[in-house]
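Here is the structure we will look at, set down as structure tokens.
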Amino acid sequence: MQIFDSHTHLNDTPFVGQETAYIEHARQLGVTKMAIVGSNAQLNQGALALAHRFSNLYAIIGWHPEDVLTYSAKEEEKLAAQLQQPKVVALGEIGLDYHWDQEHHQQQQNLFRKQIELAQAYHLPISVHTRDAMADTYEILKAAHVERYGGIMHSFNGSTEWLRKFLDLGMMISFSGVVSFKNAPLVHQAARAMPIDRLLVETDAPYLTPTPYRGKQNEPGYTRYVVEAIAKLRHTSVTEIADQTYQNTIQFFKVQA
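Note that the working numbering gives residue 91 to position 91 of the sequence shown, counting from 1, and the numbers run on in steps of one.
Encoded structure:
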């Protein structure tokens, strides 16, 4: 059994200097591959460095909506060059986040559109972050014809109605530790309704730690518990969910098994 963490931040501060130990612990739990996700200049560089250092790690680089005010033409030029490096499998995480930011919705939307165009220029899929912005996210993806190169709804937390809408756009759907929380009935329903060939798993570490370690720092190895939670919800085996999501991720990112 092998598991692929499709979205983790091993490049983030809590892991610095201890990456090898976390990768080894993940391997012990069956997590053999990871996509390391950036969100600004510093974290993009960290994702690339880890992907080049470890054969089983890949990079997703882009500009998070919360960092919209630090994006510039110079940063876009740098990002475009980085997207051409080996082991970059997607552009992300990008999208809309209205939870804290009430003032820059238009700037976020403009940045989102720009980065989708950039991804399409390099024939790359995207990894999408959406928080309190589901409708606007959907409309932008639909207008951009995201199905051309595909995308992932990262850490999906919407209803089955939204699930179907994003599936109709050709999106892959990734579930994080939220799927293991008792107080997440909408996510449980979505996980049960998912077509298994479009299903991915992730940790979003160091955030969103799954049960049984909720409240502690998350880590890539805990993708194992996301897989277990989905298997329980779908009344199937852990091996089936692990194997199918591993193959889905390999095929989506176009990397070697």
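Note that CB positions come from ideal geometry on N, CA and C, so glycine has one too.
Do residue j and residue i come within 8 angstroms of each other at the CB atom, strictly closer than that value?
i                 : j              : result
tyrosine 58       : valine 89      : yes
threonine 8       : alanine 49     : no
glutamine 108     : proline 65     : yes
glycine 177       : proline 210    : yes
leucine 167       : valine 146     : no
glutamate 103     : histidine 154  : no
phenylalanine 175 : isoleucine 230 : yes
isoleucine 3      : alanine 257    : no
tyrosine 98       : alanine 133    : yes
valine 201        : valine 227     : yes
arginine 198      : leucine 233    : no
asparagine 110    : aspartate 67   : no
aspartate 136     : leucine 96     : yes
tryptophan 63     : leucine 79     : yes
glutamine 244     : isoleucine 196 : yes
glutamate 19      : leucine 10     : yes
alanine 190       : leucine 163    : yes
glycine 38        : methionine 1   : no
If you compare alpha carbons, which of the options is closest to residue i?
i                 : options                       : result
tyrosine 138      : Gly158, Ile3, Tyr149          : Gly158
phenylalanine 156 : Trp100, Arg131, Glu19         : Arg131
threonine 173     : Lys142, Val128, Trp63, Ser39  : Residue 173 is actually isoleucine in this sequence, not threonine. Taking only the C-alpha atoms, the option nearest isoleucine 173 is Val128.
arginine 148      : Lys33, Arg164, Ala119, Trp162 : Ala119
alanine 47        : Ile60, Ser55, Asn56           : Ile60
leucine 141       : Val238, Met171, Leu200        : Met171
valine 255        : Gly38, Leu10, Ser55, Tyr22    : Ser55
serine 6          : Val187, Gly151, Gln115, Ser72 : Gly151
threonine 160     : Val179, Met194, Asn183        : Met194
glutamine 42      : Glu24, Thr20, Thr13, Gly215   : Thr13
glutamate 76      : Ala190, Asn44, Asn183         : Asn44
phenylalanine 253 : Val31, Gly38, Leu91, Ala26    : Leu91
lysine 87         : Tyr71, Glu117, Lys33          : Lys33
glutamine 115     : Asp101, Gln85, Tyr71          : Tyr71
Checking the sheet assignment: what are the DSSP bridge partners for residue i?
i             : result
lysine 33     : Phe4
glycine 151   : Ile126
glycine 95    : His129
alanine 144   : BP columns for alanine 144 are empty, so no partner.
glutamine 174 : Sequence inspection shows serine at residue 174; the glutamine mentioned does not correspond to that position. Per DSSP, Leu200.
tyrosine 58   : Ala35
valine 88     : Ala59
Would you decide whether residue i is buried or exposed? Buried here means 16 or more other CB atoms lie within 10 Å of its CB.
i              : result
asparagine 248 : buried
histidine 52   : exposed
proline 125    : buried
threonine 236  : exposed
leucine 69     : exposed
isoleucine 21  : Rather than isoleucine, the amino acid found at residue 21 in this sequence is alanine. Its Cβ having fewer than 16 others within 10 Å, alanine 21 is exposed.
alanine 73     : exposed
valine 16      : exposed
alanine 81     : exposed
Should the stretch 196 to 213 be called in touch with the stretch 222 to 236, which here means at least 3 C-beta pairs below 8 angstroms? yes
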